[in-house]
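Offset between the sequence shown (1-based) and the numbering used here: plus 91. The beta-carbon is built from N, C-alpha and C at its ideal position, and this holds for glycine as well. The structure appears right after this line, and notes come after that.
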Amino acid sequence: MTLSVSAGQAVDLRVQPVEEVLDRVERSLQVRLLPDTVVRKRRSVGARTDRDTWVRVERRSPDKIADQGWNGTECAARLESVAQPTWQGCVVWRDADEPVMWRADETGLLPAAPVGSAVLNEAPELPNEWWEALNASLDALAAHRTRRVATPDTDTITQELVTESIRDVFSGHFDTTVQRWMPAHADLNWANVTAPVFSLFDWEDWGNAPQGLDSASLWASSLAVPALADRVRQERRRDFESRDGRLMTLFACSKILGPYAHPEDPRLAPARRVAEQVIEELQAG
92 MTLSVSAGQA VDLRVQPVEE VLDRVERSLQ VRLLPDTVVR KRRSVGARTD
142 RDTWVRVERR SPDKIADQGW NGTECAARLE SVAQPTWQGC VVWRDADEPV
192 MWRADETGLL PAAPVGSAVL NEAPELPNEW WEALNASLDA LAAHRTRRVA
242 TPDTDTITQE LVTESIRDVF SGHFDTTVQR WMPAHADLNW ANVTAPVFSL
292 FDWEDWGNAP QGLDSASLWA SSLAVPALAD RVRQERRRDF ESRDGRLMTL
342 FACSKILGPY AHPEDPRLAP ARRVAEQVIE ELQAG
């Protein structure tokens, strides 16, 4: 027995009991999770272990596990020249009482602390070496080849998803056809990178995506800090100046300006302003 939550009910692991799940992870991986280090998120729980590693536990319903599986962290271990924690092993099981799956991945410790939350309200102090490492890792990642398909927010990214996401929020006559697909982390935000030493973690959603998805995602999570957003655009300008990068900018903006937009989100105005500019550029060809 693990969690008593109906299949149709949203689960937030920040408030749901997870003690039995963590006990099972400890037994399966033969490790002890340090209670004072537990970090709880909406659909995952992580903790440091007594052998100086990190374990991340995730809960997903079967319909959110695509044909390629959900072994993103394991598959990312083969990516060369990409700064990330070393993957060491995992345990996966189907819940006995609920139509859900659990997965726990054990990796090396992060080389530094995460920069912050997914969306920043204050500019972090990032040395030039950090930006160089970010660029090197993203460029190396894009140069790899994979059959995986990215699943940002656990949704498989397809041409249809890109078109629907953009058309549901923005009007105007412009083509939404993606031209270049390449490997992307697919969840690049300030909660998934470390500083002052750069490292990129939480690889469960990586796979092929339109060029510029990662750059647009990091930019969107920076919009409350204009100087930081500008720095992201400057560092990743090759992505943002591409046609697909412009589409990914609209894709990122659609998540900010869409039906679930928060009226007090400081990113609303800059996202709307940039979206209007990008639409003009796409219409101009």
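Taking Cβ to Cβ, would you say residue 171 is nearer than 8 Å to residue 227?
-> One-based indexing of the sequence shown puts residue 171 at position 80. One-based indexing of the sequence shown puts residue 227 at position 136. In this structure, residue 227 does not lie closer than 8 Å to residue 171 by Cβ.
What residues are listed by DSSP as bridge partners for residue 355?
-> The residue you call residue 355 lines up with position 264 of the sequence shown. According to DSSP, which records beta bridges pairwise, residue 355 is partnered with nothing at all.
Decide if residue 106 is buried, meaning its Cβ has at least 16 other Cβ atoms within 10 Å, or exposed.
-> Looking up residue 106 in the sequence shown gives position 15. Exposed, because fewer than 16 other Cβ atoms sit within 10 Å of the Cβ of residue 106.
Do residue 163 and residue 294 have their C-beta atoms within less than 8 Å of each other?
-> Here the question's residue 163 lines up with position 72 in the sequence shown. Here the question's residue 294 lines up with position 203 in the sequence shown. Yes, these two residues count as a Cβ contact at 8 Å.
Are the region 249 to 256 and the region 356 to 373 touching by the rule of at least three beta carbon pairs closer than 8 Å?
-> In this structure the region 249 to 256 does not lie against the region 356 to 373, because fewer than three pairs of beta carbons, one per stretch, are closer than 8 Å.
Cross-strand partners of residue 192 (DSSP beta bridge) = Start at 1 with the first residue of the sequence shown, and residue 192 comes out as number 101. Residue 192 is bridged to 151, 185.
Can at least three beta-carbon pairs, one atom from the region 231 to 240 and one from the region 257 to 268, be found at a separation below 8 Å?
-> Flag = no, the region 231 to 240 and the region 257 to 268 do not touch.
To which residues does DSSP link residue 285 through a beta bridge?
-> Along the sequence shown, read from residue 1 onward, the residue named residue 285 stands at position 194. Bridge partners of residue 285: 205.
Residues near residue 123 by beta carbon distance below 7 Å, same chain, minus five either side | The sequence position of residue 123 within the sequence shown is 32, counting from 1. Cβ within range, chain order: 117, 140, 141.
Extent of the continuous beta strand (DSSP E) to which residue 298 belongs = Translated into positions along the sequence shown, residue 298 becomes position 207. 298 to 301 is the span of the beta strand (DSSP E), which, as asked, contains residue 298.
Which residues mark the beginning and the end of the alpha helix (DSSP H) in which residue 290 is found?
-> As a first step, residue 290 is located in the sequence shown; it is residue number 199 there, counting from the start. Counted as a single uninterrupted DSSP element, the stretch harbouring residue 290 is not any alpha helix (DSSP H), since DSSP gives it neither H nor E.
Are residue 323 and residue 333 touching if we call contact CB-CB under 8 Å?
-> Translated into the one-based positions of the sequence shown, residue 323 becomes position 232. Translated into the one-based positions of the sequence shown, residue 333 becomes position 242. No, these two residues do not count as a Cβ contact at 8 Å.
With a CB to CB cut of under 7 Å and the five nearest residues on each side skipped, what residues in its chain are close to residue 372?
-> Within the sequence shown, residue 372 is the residue found at index 281, counting from 1. Around residue 372: 337.
Length of the line joining the Cα atoms of residue 321 and residue 185 | Numbered from 1 along the sequence shown, position 230 holds the residue referred to as residue 321. Numbered from 1 along the sequence shown, position 94 holds the residue referred to as residue 185. About 44 Å.
According to DSSP, is residue 363 helix, strand or coil?
-> To locate residue 363, count along the sequence shown from 1; it is residue 272. Of the three classes helix, strand and coil, the one that applies to residue 363 here is helix, per DSSP.
Sort 209, 327, 297 by Cα distance to residue 347 and report the nearest one.
-> Position 256 of the sequence shown, counted from the first residue, corresponds to residue 347. Among 209, 327, 297, the Cα nearest to that of residue 347 is on 209.
Residue burial classification, residue 100 (beta-carbon count within 10 angstroms, cutoff 16) = Working through the sequence shown from its first residue, we reach residue 100 at position 9. In this predicted model, residue 100 has a pLDDT of only 49, less than 50, meaning its place in the structure is not dependable enough to derive any value.
Determine the DSSP secondary structure at residue 249, reduced to helix, strand or coil.
-> Residue mapping note: residue 249 aligns to position 158 of the sequence shown, counting from 1. Residue 249 falls in the coil class under three-state DSSP.
Thinking C-beta only, is residue 203 closer than 8 Å to residue 288?
-> Along the sequence shown, one-based indexing puts residue 288 at 197. Along the sequence shown, one-based indexing puts residue 203 at 112. Yes, the pair counts as a contact, with Cβ atoms nearer than the cut-off.
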